[in-house]
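Here the sequence shown stands for residues 16 to 108, where the numbers follow the working numbering.
Think of the CB as a built atom: it goes at the ideal place given N, C-alpha and C, for glycine as much as any other residue.
These notes concern the structure reproduced below.
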Amino acid sequence: MPIVKATLAHGRAAPTTTRVEIVPSNGQRTSVTLTNLGAVTVYLGGPNVSTANAGATIEAGQEWRDEDSGAAWYGITASGTGDVGWFESSGGT
Numbered sequence: 016m017p018i019v020k021a022t023l024a025h026g027r028a029a030p031t032t033t034r035v036e037i038v039p040s041n042g043q044r045t046s047v048t049l050t051n052l053g054a055v056t057v058y059l060g061g062p063n064v065s066t067a068n069a070g071a072t073i074e075a076g077q078e079w080r081d082e083d084s085g086a087a088w089y090g091i092t093a094s095g096t097g098d099v100g101w102f103e104s105s106g107g108t
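Have a look at this one:
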């Protein structure tokens, strides 16, 4: 059985009513999980995400997983400051 080498990365972001990049792009990404560690809903999407056009939302205490994209993910809140942790795996082919 071949040895598979994957790269793991993690981080944390604090989106507010001004969108921020939560996870940078990574063309080698195989999956990323975002966890809402805060108390406010976080709206996720691309660089133009807003509360009105979010691709996904994560409520307090929930997780969201992307297994299809190496794109950067951005977040914004309707009010207050969010707290989002993320963990990604890349490579491993």
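Residue i burial status per 10 Å Cβ neighbour count (16 or more: buried)
| i | result |
| --- | --- |
| residue 49 | buried |
| residue 26 | exposed |
| residue 82 | exposed |
| residue 33 | exposed |
| residue 36 | exposed |
| residue 95 | exposed |
| residue 103 | buried |
| residue 80 | exposed |
Residue range of the beta strand (DSSP E) that includes residue i
| i | result |
| --- | --- |
| residue 64 | Run containing residue 64: none; DSSP gives neither H nor E here. |
| residue 78 | 78-81 |
| residue 38 | 35-38 |
Short Cβ contact (7 angstroms threshold) for residue i with residue j
| i | j | result |
| --- | --- | --- |
| residue 39 | residue 92 | no |
| residue 85 | residue 51 | no |
| residue 64 | residue 97 | no |
| residue 70 | residue 59 | yes |
| residue 99 | residue 47 | no |
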